[in-house]
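In this note's numbering, each residue carries its 1-based index in the sequence shown increased by 3.
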Amino acid sequence: MSTPSQIYERVPQEVLAQYPNLTNEYSFADTVMAKILSEFTLQNSVRVKGQKLKCPQDLPSLSIAVLIAARSDVALVSSGDKSQTDKKQNLTSEQRHSLPIGIYQTTGDNKGVYEITNDPYGAFGELVEKYKPDATRREKLEVFTLVKSRLKVVEKCVIPYYVAVNNGIWNMKNKILHPFNPDFVFTSKIYTNINLAATNPVISIPEDNSTWDVDTFFAELGSPEFQLSIKEVIQAACLPLAPRNKMVLFLNTAGNNGKGTVCQLIRNILGEHSVVSIPIAEFSEKFALGNLPNAVAVIVDENNVSKFSQGLGNLKAVITGDTVTIERKFEKQYDYSFHGLVLECVNDFPKVDDKSGSFRRRLHIIPFENCFTGKEKRYIKDRLIYRTDVLEYILKMVLVDMEYREEFTQTAATKAALELYTKTTNSVVSFLKEILPECKWDLLPATEFLYEAYKNWYREFVPSGKLIGRNDFIDSVREFVATDENMKLEWEWTDSTRSKGYIDCDKKEPLLDRYDLTAFMDDRSCVGYGNRGYVNREFVYEPRLKEKYSGLKRRSATGNNTGANGGDS
4 MSTPSQIYER VPQEVLAQYP NLTNEYSFAD TVMAKILSEF TLQNSVRVKG QKLKCPQDLP
64 SLSIAVLIAA RSDVALVSSG DKSQTDKKQN LTSEQRHSLP IGIYQTTGDN KGVYEITNDP
124 YGAFGELVEK YKPDATRREK LEVFTLVKSR LKVVEKCVIP YYVAVNNGIW NMKNKILHPF
184 NPDFVFTSKI YTNINLAATN PVISIPEDNS TWDVDTFFAE LGSPEFQLSI KEVIQAACLP
244 LAPRNKMVLF LNTAGNNGKG TVCQLIRNIL GEHSVVSIPI AEFSEKFALG NLPNAVAVIV
304 DENNVSKFSQ GLGNLKAVIT GDTVTIERKF EKQYDYSFHG LVLECVNDFP KVDDKSGSFR
364 RRLHIIPFEN CFTGKEKRYI KDRLIYRTDV LEYILKMVLV DMEYREEFTQ TAATKAALEL
424 YTKTTNSVVS FLKEILPECK WDLLPATEFL YEAYKNWYRE FVPSGKLIGR NDFIDSVREF
484 VATDENMKLE WEWTDSTRSK GYIDCDKKEP LLDRYDLTAF MDDRSCVGYG NRGYVNREFV
544 YEPRLKEKYS GLKRRSATGN NTGANGGDS
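Now the structure itself:
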């Protein structure tokens with residue numbers, strides 16, 4: 004004889020097999036409930052008094068979970084196979100349970116995408132109510148828990164040149180619009196149609212008896228190089244799977260420059276529901292990433308750049324599509340990989356805790372140099388960029404007329420902006436770029452020379468700044484020599500090199516005097532040098548040098564009289 008839970012699980016499976024074309028949830032629930040009662044009646048007919056089963060008064064949570072798990076439009080959604088080779092995912096029970104539930108939409112505004120939920124009482128709760136209209140919160144939670152172990156797993160689309168638009172799935176490489184298909188798993192889409200017949204709209208403006216069109220609008224934004232940068236950003240926003248691994252900063256210190264208009268234009272193309280706003284300083288906050296799963300882009304018009312941003316791990320992971328933890332109030336947290344553009348507007352360079360330079364390498368900075376003060380056309384931002392013909396033409400411009408690309412073009416303006424950002428925010432790189440071309444020695448000790456010189460340099464050029472510690476400084480130096488910031492790769496890091504042969508005591512090192520490096524000076528009075536003398540055979544005994552140092556070593560140096568290993572130990 005079967006137990007009640009066995010009946011609750013087996014009967015809906017039998018109904019699903021018997022009526023494969025039955026789609027109405029109420030009809031399913033009614034049929035399953037009738038068969039469960041029939042099964043209980045049959046069971047009780049052979050049970051003795053005292054062992055008879057108590058018939059359920061309504062559809063049990065387990066039966067609802069079985070019915071939902073059998074649906075083709077409900078699944079657990081996982082990250083896709085980045086190798087694009089259909090490699091099977093191996094998930095533990097715990098990993099499966101941490102995946103969010105996706106409900107595929109066949110109608111409505113979200114037609115063609117899986118709506119993500121990890122909340123028993125939201126969209127999932129509404130689905131439960133289709134089987135049991137008066138389901139309590141406790142019953143919804145029961146169904147949610149039971150269904151997780153039974154649902155199939157679908158993998159998000161990772162083809163970088165595919166994007167879900169309002170009227171289908173656009174293949175940008177082949178310029179083909181496919182109909183929506185649940186086998187192509189998207190959790191968000193662009194709410195503008197691909198219209199292959201769209202043309203540049205010419206619109207009459209009653210305010211000044213003029214006309215306005217999209218092509219002229221772009222031309223007035225700036226130079227051809229600037230226009231290309233903006234169009235590439237719009238394309239990046241519309242191709243969230245393309246792996247650019249860059250965050251875009253729109254930079255201008257004054258207002259009325261067009262940043263806000265371009266940002267709102269992109270929002271309108273994507274659809275307000277596909278865009279979330281997370282300022283730079285808020286990425287590390289607990290619930291800040293809660294709305295990422297149903298978004299294609301992060302767009303922020305204003306940032307408080309005076310607010311110091313610590314804990315950049317989440318922001319850097321979001322930029323590069325790595326896994327982050329999604330937390331929402333009153334919901335279970337889960338892991339998620341966001342793929343989409345992060346666009347932040349700033350009126351100055353953000354202050355961030357980026358000792359390694361990894362954040363800087365994720366930046367694409369576009370300066371807005373035009374100023375429209377006194378010649379504003381408010382109707383553009385207020386009205387025109389909301390028009391369907393405008394949005395469809397711009398979407399066609401970036402997804403049909405432009406070539407597919409995975410990198411931003413580095414124009415003279417973007418290169419200069421990134422260089423200025425580096426000098427402004429990474430004091431170690433600025434310091435090294437300034438002093439290394441002047442250095443005469445072939446070995447620059449990390450603490451006694453480089454860090455001591457840096458401290459004096461920093462106090463001179465950034466008097467109000469916060470000096471970083473020795474260990475962080477050394478980490479930044481090591482990072483510097485491992486990147487293309489190291490001019491002509493002239494220098495390399497050494498953990499231990501003999502000073503003899505690399506520090507030439509016959510060469511006067513100019514930075515000793517400039518930055519008052521006392522570790523290499525003699526306390527004795529020396530002719531021509533006041534009360535201090537330099538490490539030089541003419542004035543100071545050679546034993547003033549340590550036998551070995553860690554620090555920067557010139558690659559071209561061989562180290563005279565240091566043996567076959569070039570002085571390294």
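Glycine included, each C-beta is placed from N, C-alpha and C at the ideal position. No experiment lies behind these values; they were computed from the predicted model shown.
Do you know offhand how far residue i's Cα is from residue j's?
i: L516; j: F464; result: It should be pointed out that residue 516 corresponds to Asp in this sequence rather than to Leu. Each residue's alpha carbon lies about 17 Å from the other.
i: S277; j: T414; result: 29 Å
i: K549; j: G472; result: 23 Å
i: P614; j: T34; result: Coverage of the chain is limited to positions 4 through 572, which leaves residue 614 absent and any answer about it impossible.
i: D61; j: F31; result: 13 Å
i: V217; j: N113; result: 28 Å
i: N534; j: S226; result: Reliability of the predicted coordinates at N534 is poor, the pLDDT of 43 falling under 50, and the value obtained from them is presented with this limitation in mind. Roughly 59 Å separates the two Cα atoms.
i: S479; j: W496; result: 11 Å
i: K469; j: R408; result: 40 Å
i: K384; j: S213; result: 16 Å
i: S553; j: P513; result: 20 Å
i: F290; j: Y454; result: 39 Å
i: A126; j: L45; result: 37 Å
i: V188; j: P243; result: 14 Å
i: Q98; j: Q92; result: 11 Å
i: T109; j: L94; result: 28 Å
i: S232; j: I369; result: 7 Å
i: N539; j: E422; result: Note that N539 has pLDDT 48, beneath the 50 cutoff, so the model's placement of it is unreliable and no number is given.
Output needed for residue i: all residues of its chain with C-beta closer than 8 Å, excluding positions within five of it in sequence on either side, in chain order.
i: E493; result: L439, R557, R558 and S559
i: Q230; result: F221, A222 and L224
i: I193; result: V166, A167, V168, N169, C241, I272, L273, G274, S277, V299 and L398
i: Q87; result: V161 and I162
i: P103; result: L79, V80, I119, T120, N121, P296, I329, Y337 and Y339
Can you tell which of the options has its C-alpha closest to the C-alpha of residue i?
i: L40; options: R50, K57 and V51; result: K57
i: E334; options: Q21, N294 and H342; result: N294
i: E118; options: V77, L402 and T148; result: V77
i: P15; options: F147, V321 and A72; result: A72
i: D519; options: V349, R462, K262 and T561; result: R462
i: S75; options: I106, T376 and V205; result: I106
i: S287; options: V265, N203, A522 and V355; result: V355
i: E379; options: H181, R481, D211 and A245; result: D211
i: W173; options: A456, K443, V401 and L555; result: V401
Classify residue i as helix, strand or coil using the three-state DSSP reduction.
i: K316; result: Residue 316 is actually Gly in this sequence, not Lys. Residue state, collapsed to three classes: helix.
i: Y461; result: helix
i: T139; result: coil
i: V407; result: Correcting the residue type first, residue 407 is Tyr in the shown sequence and not Val. Residue state, collapsed to three classes: coil.
i: V530; result: Confidence in V530 is poor, its pLDDT being 36 and thus under 50, which makes the residue's placement too unreliable to answer from.
i: G128; result: helix
i: E42; result: helix
i: V393; result: helix
i: K418; result: helix
i: I104; result: strand
i: D338; result: strand
i: N297; result: helix
i: K159; result: strand
i: P448; result: strand
i: E288; result: coil
i: E118; result: strand
i: C442; result: coil
i: N177; result: coil
i: A167; result: strand
i: Y11; result: helix
i: F183; result: coil
i: F253; result: strand
For residue i, which residues in the same chain have their Cβ closer than 6 Å to its Cβ, ignoring the five residues on either side in sequence?
i: H367; result: K249, V251 and F411
i: K310; result: A284
i: E347; result: L252, I283, V303 and N306
i: T427; result: F352
i: G324; result: S340 and H342
i: F43; result: L56 and C58
i: E28; result: K133 and Y134
Does the distance between the C-beta of residue i and the nearest non-hydrogen atom of the ligand SAM fall short of 6 Å?
i: V217; result: No copy of the ligand SAM occurs in the structure displayed, which carries no ligand at all.
Please report whether the beta-carbon of residue i lies at a distance below 7 Å from any beta-carbon of chain B.
i: L439; result: Looking for chain B here will not work: only one protein chain is present.
Between residue i and the rest of its own chain, which residues show a CB-CB distance below 7 Å, the 5 nearest in sequence each way excluded?
i: M405; result: K234 and Q238
i: K551; result: S499, T500, R501, S502 and S572
i: Q21; result: none
i: F147; result: P123 and F127
### Task
Let me know the beta strand (DSSP E) ranges lying completely inside the stretch 15-39, each 3 residues or longer, listed in chain order.
none
### Query
Where are the beta strand (DSSP E) runs, 3 residues long or more, that stay fully inside the stretch 353-383, in chain order?
366-370
### Task
Can you check the stretch 189-242 for any alpha helix (DSSP H) of at least 4 residues that lies completely inside it and give the ranges in chain order?
217-224 and 227-241
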